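>
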Amino acid sequence: MNHFGSVVAAYMFIWGILMVYQFTVSKRVSNLRQEVERLKETLERGKRN
Amino acid sequence: MASRIRESIFGQALASVSVSVLIGFAIYGALIWAPTEKTMGFLQRIFYFHAASGEVMILAFCAAFIGNVGYLIRRKIEWDWLAISSVEVGLIFNTISLVTGPIWAKPAWGIWWDWGDARLTSTFVLWVLYIGYVILRRMIENPERRAVVSSVFGVFAFLDVPLVYFSIWWWRTQHPPPLITKPGGLAPDMLKVFFFTMAALTALMAIFIRQRYKLEAVRHTVAEMQIEADYRNEGGAK
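For the record, the sequence lines run as chains A and B. No gaps in the numbering here: position 22 of the first sequence is 22 in the numbering used here, and each next residue is one more. No gaps in the numbering here: position 209 of the second sequence is 1209 in the numbering used here, and each next residue is one more.
1) Should B:P1177 be counted as a contact of the ligand HEM given a C-beta to heavy atom distance under 8 Å?
2) Report buried or exposed for B:L1159, applying the criterion of at least 16 other Cβ atoms within 10 angstroms of its Cβ.
3) What three-state label does DSSP hand B:E1228 in the structure shown?
4) May I ask which residues mark the beginning and end of the alpha helix (DSSP H) holding A:Q22?
5) In the DSSP assignment, find the alpha helix (DSSP H) that holds B:M1057 and state where it starts and stops.
6) Which residues in the same chain have their Cβ closer than 6 Å to the Cβ of B:D1117, if we skip the five residues on either side of it in sequence?
7) Would you identify the three-state DSSP class for B:M1001, choosing helix, strand or coil?
8) Of all Cβ atoms in chain A, is any one closer than 9 Å to the Cβ of B:A1229?
9) Which term fits B:T1036, buried or exposed, when burial requires 16 or more other beta carbons within 10 angstroms of its beta carbon?
10) Does the Cβ-Cβ distance between B:V1161 and B:A1030 come in under 9 Å?
11) Looking at the structure shown, is B:K1238 part of a helix, part of a strand, or coil, going by DSSP?
12) Rank B:I1023, B:Q1044, B:W1171 and B:T1197 by C-alpha distance to the C-alpha of A:V8 and give the top, closest one.
13) How many Å lie between B:M1001 and B:Q1012 at the Cα?
14) List, from N- to C-terminal side, the alpha helix (DSSP H) runs of 4 residues or more that fit wholly inside the stretch 1102 to 1176 of chain B.
15) Excluding the 5 residues preceding and the 5 following B:Q1211 in the sequence, name in chain order all residues of the same chain whose CB lies nearer than 7 Å to its CB.
16) So, do the stretch 1045 to 1054 of chain B and the stretch 1090 to 1101 of chain B have three or more beta carbon pairs nearer to each other than 8 Å?
17) Please decide whether A:F4 counts as near chain B, where near means a Cβ-Cβ distance under 9 Å.
18) Residues of chain B with CB closer than 8 Å to the CB of A:G46, please, in chain order.
19) For A:E37, go through chain B and note every residue whose CB falls closer than 9 Å to its CB, in chain order.
20) Do B:S1122 and B:Y1133 have their C-beta atoms within less than 9 Å of each other?
21) Contact between the stretch 1225 to 1232 of chain B and the stretch 38 to 45 of chain A: three or more CB pairs below 8 Å?
22) For B:N1068, count the other beta carbons within 10 Å of its own beta carbon; 16 or more makes it buried, fewer makes it exposed. Which is it?
23) Note down, in chain order, each residue of its chain lying with its Cβ closer than 6 Å to the Cβ of B:M1205, except the 5 sequence neighbours on either side.
24) Using the Cβ count rule (16 or more neighbours within 10 Å means buried), how would you classify B:K1238?
25) Report the residue from B:E1234, B:R1232, B:T1221 and B:V1021 whose alpha carbon sits nearest the alpha carbon of A:E37.
26) Shorter than 9 Å from the beta carbon of A:F23 to some beta carbon of chain B?
27) So with CB distances below 8 Å, who are the chain A contacts of B:F1025?
28) Classify B:G1185 as helix, strand or coil using the three-state DSSP reduction.
29) Below 7 Å between beta carbons is the criterion; list the residues of the stretch 1015 to 1045 of chain B that meet it against any residue of chain A, in chain order.
30) Out of A:E35, A:K47 and A:G5, state which residue places its alpha-carbon closest to the alpha-carbon of B:V1218.
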């Protein structure tokens, strides 16, 4: 098989970047959801007081 | 509410599994099922994902353009969310095509890059323009001002998209001419794999844009809640 290494490098890059992107978006969503929960609690506390 | 969330999670999981299966078949098609090309041999198998990424990149930037124009006409923030989501996803596919191209070019042409090539250079300029779009957004805090300025810049950046797409028709380039539309360009089995890969990556692009759009919606909710919390803290609720 000729240039097997180039094909492997290209495909590894593709899957690497797609996985990293998916991970960063999931992480950002999860951080924001935590922020929503924190703000909900703050607002609830404010209402009670 | 709980059932809606459950439905949404189920829908998202189903879509993710379906796209994963499609991508799995596309990899199988590109690396195993498609016949080996006579001149370039195994190296040509980069083509399926490299060229499909380029096409999907153009689709994503078209969606961004629709978002930018939509915002400028309607002034609804949801259009801006569509624009930034599509730009970010388009940049991922733009990067894939910019990196996999030279990996293929070096063994095939003997050079990594040719600045005199219209397709290569215009694609790189496109990447720089949309990176600029993302940086520009980070520099503006006011959401409305950010949406207006980035929409205008987005419309300007999109001018490069037709240039990228038609460069191989308009100029003689090192980059190969369109093999897909040319009679006798690609073997029928290769064409099948290419179109299947493009469909799989388009589905992936749609999922990514949807997910990124939701992120922007949650960010908006956080900003609104933060304003309310600040208002209460300052005694506005009294």
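Glycine included, C-beta positions come from ideal geometry on N, C-alpha and C. From a predicted model like this one, the values you see are computed outputs, not experimental measurements.
Let's see:
1) With respect to the ligand HEM, the structure offers nothing, as it holds no ligand at all.
2) Locating residue 1159 of chain B in the second sequence gives position 159, counting from the first residue. The residue is exposed, with fewer than 16 neighbouring Cβ atoms inside 10 Å.
3) On the second sequence, position 228 is the one that residue 1228 of chain B refers to. Correct three-state label for B:E1228: helix.
4) The sequence position of residue 22 of chain A within the first sequence is 22, counting from 1. Its alpha helix (DSSP H) spans residues F4 to R48.
5) On the second sequence, position 57 is the one that residue 1057 of chain B refers to. Its alpha helix (DSSP H) spans residues I1046 to R1074.
6) As a position in the second sequence, residue 1117 of chain B is number 117, starting the count at 1. Excluding residues up to 5 positions away in sequence, T1173, Q1174 and H1175 lie with their Cβ nearer than 6 Å to the Cβ of B:D1117 in the same chain.
7) Here residue 1001 of chain B refers to the residue found at position 1 of the second sequence. Note that B:M1001 scores 49 on pLDDT, short of 50, meaning its location in the model is unreliable; the coordinates nonetheless yield the value given after this. DSSP places B:M1001 outside both helix and strand once states are collapsed to three, so it counts as coil.
8) Here residue 1229 of chain B refers to the residue found at position 229 of the second sequence. Taking CB atoms only, B:A1229 has a neighbour in chain A less than 9 Å away.
9) For the purposes of this step, residue 1036 of chain B is identified with residue 36 of the second sequence, where counting begins at 1. The residue in question, B:T1036, is exposed, as its Cβ has fewer than 16 Cβ neighbours within 10 Å.
10) The residue you call residue 1161 of chain B lines up with position 161 of the second sequence. The residue you call residue 1030 of chain B lines up with position 30 of the second sequence. No, the Cβ-Cβ distance between B:V1161 and B:A1030 is not below 9 Å.
11) Locating residue 1238 of chain B in the second sequence gives position 238, counting from the first residue. Model confidence at B:K1238 stands at a pLDDT of 47, short of 50, so the residue's coordinates are unreliable and nothing is read from them.
12) One-based indexing of the first sequence puts residue 8 of chain A at position 8. Ranking the options by Cα distance to A:V8, first place goes to B:Q1044.
13) Taking the first residue of the second sequence as 1, we reach residue 1001 of chain B at position 1. Taking the first residue of the second sequence as 1, we reach residue 1012 of chain B at position 12. For B:M1001, the predicted model reports a pLDDT of 49, less than 50, meaning its position is unreliable and no value from the coordinates is stated.
14) 1118 to 1139, 1143 to 1158 and 1160 to 1170, all fully within the stretch 1102 to 1176 of chain B.
15) In the second sequence, residue 1211 of chain B corresponds to position 211, counting from 1. Around B:Q1211: no qualifying Cβ.
16) In short, these stretches touch, since the Cβ pair count reaches three.
17) The sequence position of residue 4 of chain A within the first sequence is 4, counting from 1. Answer yes: the Cβ-Cβ gap between A:F4 and chain B drops below 9 Å somewhere.
18) Walking along the first sequence from the start, residue 46 of chain A turns up at place 46. Contact of A:G46 with chain B by beta-carbon distance below 8 Å involves A1229, R1232, N1233 and A1237.
19) Here the question's residue 37 of chain A lines up with position 37 in the first sequence. None at all; the shortest Cβ gap to chain B is about 10 Å.
20) Looking up residue 1122 of chain B in the second sequence gives position 122. Looking up residue 1133 of chain B in the second sequence gives position 133. The answer is no: Cβ separation not under 9 Å.
21) Flag = yes, the stretch 1225 to 1232 of chain B and the stretch 38 to 45 of chain A touch.
22) Taking the second sequence and counting its residues from 1, one reaches residue 1068 of chain B at position 68. With 16 or more neighbouring CB atoms inside 10 Å of its own CB, B:N1068 falls in the buried class.
23) Counted from its first residue, the second sequence places residue 1205 of chain B at position 205. For B:M1205, where only same-chain residues beyond five positions count, the Cβ hits under 6 Å are V1056, A1060 and V1089.
24) In the second sequence, the residue the question calls residue 1238 of chain B occupies position 238. Caution is warranted here: a pLDDT of 47 is assigned to B:K1238, below 50, making its placement in the model unreliable, and the coordinate value is therefore given only provisionally. It counts as exposed.
25) Taking the first sequence and counting its residues from 1, one reaches residue 37 of chain A at position 37. Minimum Cα distance to A:E37 is reached at B:T1221.
26) Taking the first residue of the first sequence as position 1, residue 23 of chain A is located at position 23. Closer than 9 Å: no.
27) Counting from 1 along the second sequence, the entry for residue 1025 of chain B is found at position 25. The contacting residues do not exist; B:F1025 stays about 15 Å from chain A at best.
28) Counted from its first residue, the second sequence places residue 1185 of chain B at position 185. B:G1185 carries a coil assignment under DSSP once its states are collapsed to helix, strand and coil.
29) Residues of the stretch 1015 to 1045 of chain B that bring their beta carbon within less than 7 Å of a beta carbon in chain A comprise G1041, F1042, L1043 and R1045, in sequence order.
30) Numbered from its first residue, the second sequence carries residue 1218 of chain B at position 218. Among A:E35, A:K47 and A:G5, the Cα nearest to that of B:V1218 is on A:E35.
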